[in-house]
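Take a look at the structure below.
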Amino acid sequence: TRPTLPDPDQPTNHTHLAMAFVASTFLGASLSAPRTSAVCPTAQAPVRMAASESVPFLEKPSKLDGTRVGDTGFDPLYLSDYIDLDYAAAAEIKHGRICMLATLGMLVQEVVHLPNAAFSEPNPLKAIYAVPIEGWVQSSRSSASSSLHRSGHLETGADSAST
């Protein structure tokens, strides 16, 4: 007898494929696991790392020790080794506030309009392109000035006179 091809209109039973996958996963893991040998007396035990509380299969980041509020050790890219945590916390707060203001701005602009015709676009996506270049320059300069002043890279006359 000739083997017949399965009918594409009929549902197929993939149970045997799933069982083969599961079996190969566990069997493969047991075959590739390190083995200790009684023949080699100098074999050392594997080094255990301190596991992160939030991502247990990763090593615990060195700077995230749980002293900060909400610190559960979640840093899968280990950025805390390269970035000052105080700076990162301040940036996170500032970006959250900017997002809240942007959301409020998208809702308010549908109701309140400035007197110029360029500012009367109710669609927030089209309103981006209706703002004149001067508005973008003003917004960019005030944002950069605020960021530089808060980070300490920009000193005002009052700050330098008092020191």
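If you read the sequence shown in the working numbering, its first letter stands for residue 1016, the second for the next number, and so on.
Quick reminder that beta carbons are idealized off the backbone N, C-alpha and C, glycines included.
All values reported here derive from a predicted model rather than from experimental measurement.
Do the CB positions of residue i and residue j come within less than 8 Å of each other?
i	j	result
alanine 1145	glutamine 1124	no
leucine 1071	aspartate 1096	The sequence shown places proline at residue 1071, not leucine. Not a contact, by the Cβ cut-off of 8 Å.
leucine 1100	glycine 1088	no
methionine 1121	proline 1139	yes
proline 1147	alanine 1133	yes
proline 1091	leucine 1119	no
Does DSSP put residue i in a helix, in a strand, or in coil?
i	result
alanine 1065	coil
glutamate 1107	helix
glutamate 1074	strand
arginine 1083	coil
leucine 1092	coil
serine 1135	coil
isoleucine 1148	helix
serine 1161	helix
In this structure, what does DSSP give as the bridge partners for residue i?
i	result
glutamate 1125	Paired residues: none, contrary to the question.
Answer yes or no: does any C-beta atom of chain C fall closer than 8 Å to that of residue i?
i	result
proline 1147	Considering every chain present, this structure includes no chain C. It has just one protein chain.
Just reading off the alpha helix (DSSP H) that residue i is part of, what are its end residues?
i	result
isoleucine 1098	Looking at the DSSP string, isoleucine 1098 is not in any alpha helix (DSSP H), and its letter there is neither H nor E.
proline 1139	1139-1145
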